[in-house]
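These protein sequence lines map, in sequence, to chains A and B.
So the first sequence is residues 1 to 143, counted in full-length UniProt numbering.
So the second sequence is residues 1 to 143, counted in full-length UniProt numbering.
What follows is a single structure, written as C-alpha cells, with notes after it.
Number of protein chains: 2
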Amino acid sequence: MDRDDEPEELGAEACLRLLSTVPVGRVVYTEHALPAVLPVAFEVAPDGRLLLAVRRGSATARRLDGTVVAFQADRLDPDTRSGWSVLVHGRADILRDPEQILRALRSGLRSWVGEPDPVFVALAPELISGRRISAAGRPVRHS
Amino acid sequence: MDRDDEPEELGAEACLRLLSTVPVGRVVYTEHALPAVLPVAFEVAPDGRLLLAVRRGSATARRLDGTVVAFQADRLDPDTRSGWSVLVHGRADILRDPEQILRALRSGLRSWVGEPDPVFVALAPELISGRRISAAGRPVRHS
Numbered sequence: 001m002d003r004d005d006e007p008e009e010l011g012a013e014a015c016l017r018l019l020s021t022v023p024v025g026r027v028v029y030t031e032h033a034l035p036a037v038l039p040v041a042f043e044v045a046p047d048g049r050l051l052l053a054v055r056r057g058s059a060t061a062r063r064l065d066g067t068v069v070a071f072q073a074d075r076l077d078p079d080t081r082s083g084w085s086v087l088v089h090g091r092a093d094i095l096r097d098p099e100q101i102l103r104a105l106r107s108g109l110r111s112w113v114g115e116p117d118p119v120f121v122a123l124a125p126e127l128i129s130g131r132r133i134s135a136a137g138r139p140v141r142h143s
Numbered sequence: 001m002d003r004d005d006e007p008e009e010l011g012a013e014a015c016l017r018l019l020s021t022v023p024v025g026r027v028v029y030t031e032h033a034l035p036a037v038l039p040v041a042f043e044v045a046p047d048g049r050l051l052l053a054v055r056r057g058s059a060t061a062r063r064l065d066g067t068v069v070a071f072q073a074d075r076l077d078p079d080t081r082s083g084w085s086v087l088v089h090g091r092a093d094i095l096r097d098p099e100q101i102l103r104a105l106r107s108g109l110r111s112w113v114g115e116p117d118p119v120f121v122a123l124a125p126e127l128i129s130g131r132r133i134s135a136a137g138r139p140v141r142h143s
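Okay, here's the thing in C-alpha cells:
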C-alpha cells in the first residue's frame, strides 16, 4: 500500500543538522522510578555532543550526571501537519573541563531562563534516530 | 535566596487546562528497553483522560496498550524565554468502545498526519505535574 503519510526515517547526520536548528529539547531521565521529561536549552557542540544548559540550583544536573538518558527535540507545524522529531540516547556527564565550559559560555548557550552561569551537561550520542512527519501529498478528507 | 527564575509548580487542574490549549504532546514509552519519545496529536476528553490519536498501521498503539506511560506537552517561547511544561503519568489503553471512538472522531481529533481513521489511545492520568518557566523579572545579563 502506497502511503504518503508514512514517516520518513532520517539518518544520524540529518538528525544532528535538524537538532542544531532548534534552541530547546527535552531530556528524559528516571526520577522515583518514573520517566521524567524536562525541557532544556541545548546546542550541538562541534564534536557532535549535545550540550544541555541546566539551571544552576536545580537537582537536574546531578540526576543526569553519569547516567544514560534520552533526549528528544522536534519542530511540528500544526497548520501544515508537517515536521520532524529526533531522539538521541547516550550518556550524560556534567561538563567539568574549564576550557569546554568557557567555550559553551562563549557560544551563548544559556539555560532556558537565561541565567548567566548555567551548569552544562554533555550528552554523547550513542543512538540517534529521527523521522520527518508530513501529511503532504495525502488528501485530508476532514476539514 | 530570592530567585525570580524558580519554576512555578502548577496544580493538576491548571495542568489539564494548559494541556487543552496545545494540539500535540509527546508520549514516552519503553522500546527495546530504552525510552522512546513520540510526538502525538491529542486532546483532553471531558472525563479528564487524554486521548492520543495514533496513526493506524504503526506499531505504537499496540506498544502503548495496557502499559503505564508518560506524556509530556509544553509551550515554550524562545524569544521571551517563558512557557510551561506538563508531565502526566498513567495507564494507556486502546479505546475500544464504539461510542467513545465516535465521540473522539466527532471532536475532530486526528493523528498528526490527519488521517481520517486513527487509533485512539486513552491515557488515564494518575500523576500530573507541571511548571511554568519564566525569565520574567530576572535581569538577563547577556545579549
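Ideal placement from N, C-alpha and C gives every residue a C-beta, glycine not left out.
Other residues of its chain near I128/B: CB distance less than 6 Å, five sequence neighbours each side excluded = A12, C15, V88
Do the stretch 15–29 of chain A and the stretch 95–104 of chain A make contact, defined as three or more Cβ pairs closer than 8 Å?
-> no
List the residues of chain A whose Cβ lies closer than 7 Å to the Cβ of A124/B, in chain order.
-> Result: empty, since nearest Cβ-Cβ is about 15 Å, beyond 7 Å.
Could you tell me whether the stretch 54–70 of chain B touches the stretch 90–98 of chain A, using the rule of 3 or more Cβ pairs below 8 Å?
-> no
So, using beta-carbon positions, are residue 144/A and F42/A closer together than 9 Å?
-> Nothing can be reported for residue 144/A: it is not among the residues displayed for chain A, which extend from 1 to 143.
Please decide whether A14/A counts as near chain B, where near means a Cβ-Cβ distance under 9 Å.
-> no
Within chain A, partners of Q72/B - CB distance below 7 Å | R26, V37
Using a Cβ-Cβ cut-off of less than 8 Å, give me the residues of the stretch 80–103 of chain B that come near chain A, in sequence order.
-> R81, G83, S85, L87, H89
R56/B: first and last residue of the uninterrupted alpha helix (DSSP H) it sits in = From DSSP, R56/B is part of no alpha helix (DSSP H); its letter is neither H nor E.
P125/B vs R49/B beta-carbon contact at 9 Å = yes
Sort out for me which residues DSSP pairs W84/B with in a bridge.
-> R75/B, R132/B
Which value, in whole angstroms, describes the spacing of the CA atoms of L76/B and P23/B?
-> 14 Å
Should W84/A and P39/A be called a contact, given that it needs their Cβ atoms to be closer than 9 Å?
-> no
I133/A versus chain B: which residues are under 7 Å apart at the beta carbon?
-> W112, V113
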